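Visitor: Quick one: structure below, then a few questions.
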Amino acid sequence: MTSKQLQDGIVAGRLDGTALQTNFADLHPAYAPHEALVAADRCYFCHDAPCMTACPTSIDIPLFIRQIATGTPEAAARTILEQNILGGMCARVCPTETLCEEVCVRETAEGKPVEIGRLQRYATDKLMAKGPQPFARAEATGEKVAVVGAGPAGLACAHRLAMLGHDVVIFEARQKGGGLNEFGIAAYKSTNGFAQREVDWLLQIGGIELRYGAKLGEAISLDSLRADFDAVFLGMGLAAVNALRLDGADKDGIRPAVDFIAALRQAYDLAALPIGRRVVVIGGGMTAIDAGVQAKLLGAEEVTIVYRRGQEAMAASRYEQDLAAQKGVRIIHNAAPVGVDGNGSLTAVRFAYTETQGGKLVALDETFSLPADQLFQAIGQSLGDAPEGLEIAGGKITVDEKGRSSVSGVWAGGDCASGGDDLTVTAVAEGRDAAMDIHASLTA
């Protein structure tokens, strides 16, 4: 172990560039053509297609796998992209192990599903490498739609609207599009700038203008958008981070996990990114796993994820939990943070063991302390200040099954809206479906 790794505190360069390049290589390397054909040949092409039912975007999975098997991966890609325009990214980040691959007949019979996600990536990568997308705009309708947020929901909505002939302006608070795909996904899941390449490829449809630095509530308002556009779609995600309400939570070394992940994704030199020697992550979802694993890959000596409930209650899939363990990350269950120690800077985090009593989580008297010089909080995000007039429930914009909000002419989808799971693929489905309802409303 190097002296840098033994050094306490949050420092850069715990590992050299070669080690970092290896650590952050593509988690699931792309199939070679022969590998894709072998993998596709394992599909039974089930008539009832449980995999298709499990897909939030309802991709015809047996069809696209058959198209790969018959040597037409570009046709397979079109089958995918007609339902999910961000099929390339979803192939990389979608939790297929709990969706399509979990219900695969091969998984049920043999414990080894068809690798649907990798096949989807093979097809979409083939098509994108050839150049322009296969979709064209319909004749212009003259209608203008505002989309707030250039994340998965907003991009999917904008593309479908543009394809149907509407003019779309996307208002994005950051200086780069992609949303969660660009700023919130572990770097080893989306390598080589794929998120931006996918955004650029999507915009080739035409009819979409992307305006950066336009945050709802600051540069723009919902009232002004409603006045200037024929319809509005809100897909800005959850921008606010839930506070860590602990004694000592203001000490140096404590940071939201989403900020750490975003900084890592935007870093040109990972060796310049500071990381602690002993890192603690509080949370049980995908953000906690991504933060913990990447802290370890950056050279942290000890990384511990602590979750207040049992393993079965963790939002992160078992696959992701196992990945963390394989990378040397320890996960402690049934423990809740009760305090932070340190004189100015973090030195330890104190926890109390928990158990469920009468349906409620209760902190026990027994406590323990974890030495730490860096703490990442991954305890959820919230909408923040919502525009006036919108009905909010559970911290999200209330929408119906078509994505319509309580305000006339305003739709919403993705993480900021009530509905399905907070997944990229679900956000794509909600953005696409809202676009279809917007189109029906504008052309009625």
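Under my numbering, the residues of the sequence shown are numbered 26 to 469, in order.
Glycine is no exception: its CB is placed at the ideal position from the N, C-alpha and C atoms.
Being a predicted model, the structure only gives us computed values, none of them experimental.
Quick one: measure Cβ to Cβ for residue 196 and residue 171, integer angstroms, because I've assumed they're closer than 8 Å.
Guide: Rounded, the Cβ-Cβ distance is 7 Å, consistent with contact.
Visitor: Relative to the C-alpha of residue 349, which candidate in 324, 340, 128 and 319 has its C-alpha closest?
Guide: With distances taken between Cα atoms, residue 349 lies closest to 319.
Visitor: Would you please state the rounded distance, in angstroms, between the beta carbons of residue 316 and residue 401? I believe it to be under 8 Å.
Guide: 5 Å between Cβ atoms; contact.
Visitor: Drop a sphere of 10 angstroms on the beta-carbon of residue 149, count the other beta-carbons inside from all chains shown, and report buried for 16 or more, exposed for fewer.
Guide: The residue in question, residue 149, is buried, as its Cβ has 16 or more Cβ neighbours within 10 Å.
Visitor: With DSSP as the reference, please indicate the residues paired to residue 251 in a beta bridge.
Guide: Answer is none; residue 251 lacks a bridge partner.
Visitor: Enumerate in chain order the residues of its own chain whose CB-to-CB distance from residue 314 is below 6 Å, with the five nearest sequence positions on each side excluded.
Guide: Same-chain partners within the cutoff: 341, 345 and 349.
Visitor: Could you have a look at residue 98 and say whether DSSP puts it in helix, strand or coil?
Guide: Residue state, collapsed to three classes: helix.
Visitor: Which parts of the region 149-210 are runs of the beta strand (DSSP E), unbroken and 3 residues or longer, counting only runs that do not cross its ends?
Guide: You should have 169-173 and 192-197.
Visitor: Kindly indicate the opening and closing residues of the alpha helix (DSSP H) around residue 320.
Guide: Taken as a continuous stretch (DSSP letters only), the alpha helix (DSSP H) holding residue 320 covers 311-322.
Visitor: Since residue 490 is in the beta strand (DSSP E), which residue starts that stretch and which ends it?
Guide: For the chain, the structure presents residues 26 to 469; residue 490 sits outside this window and is missing.
Visitor: Whose C-alpha, out of 178, 169, 182 and 214, is nearest the C-alpha of residue 192?
Guide: Comparing Cα-Cα distances from residue 192 to each of 178, 169, 182 and 214, the minimum goes to 169.
Visitor: Assess contact between the region 394-411 and the region 256-273, defined as three or more Cβ pairs (one per stretch) separated by less than 8 Å. Is contact present?
Guide: As far as the Cβ criterion goes, the region 394-411 touches the region 256-273, which means the pair count is three or higher.
Visitor: Would you mind stating whether residue 144 and residue 212 have Cβ atoms separated by less than 9 Å?
Guide: No. Outside cutoff.
Visitor: When DSSP labels each residue in this structure, what does residue 135 get in the three-state scheme?
Guide: In this structure, residue 135 counts as helix in the three-state DSSP scheme.
Visitor: Any idea what DSSP makes of residue 293, helix, strand or coil?
Guide: Three-state result, residue 293: coil.
Visitor: Quick one: what does DSSP say residue 329 is sitting in, helix, strand or coil?
Guide: Note: residue 329 maps to strand in three-state DSSP.
Visitor: Select from 453, 469, 440 and 299 the residue whose C-alpha is nearest the C-alpha of residue 182.
Guide: Among 453, 469, 440 and 299, the Cα nearest to that of residue 182 is on 453.
Visitor: For residue 237, which residues from the same chain have a beta carbon less than 6 Å from its beta carbon, with the 5 sequence-adjacent residues on both sides left out?
Guide: For residue 237, where only same-chain residues beyond five positions count, the Cβ hits under 6 Å are 197 and 200.
Visitor: Over the uninterrupted beta strand (DSSP E) stretch that includes residue 394, give me the two end residues.
Guide: Element bounds for residue 394: 385-396.
Visitor: Residue 121 by DSSP, collapsed to three states: which one?
Guide: Three-state result, residue 121: helix.
Visitor: What's the gap between the Cα of residue 343 and the Cα of residue 250?
Guide: Near 42 Å, if we compare the C-alpha coordinates of residue 250 and residue 343.
Visitor: Mapping the DSSP letters down to three states, classify residue 63 as helix, strand or coil.
Guide: DSSP places residue 63 in helix when its eight states are reduced to three.
Visitor: DSSP state of residue 112, grouped into three classes?
Guide: Here residue 112 sits in helix by DSSP.
Visitor: Name, in chain order, the residues that DSSP records as bridge partners for residue 235.
Guide: Beta-bridge pairing links residue 235 to 195.
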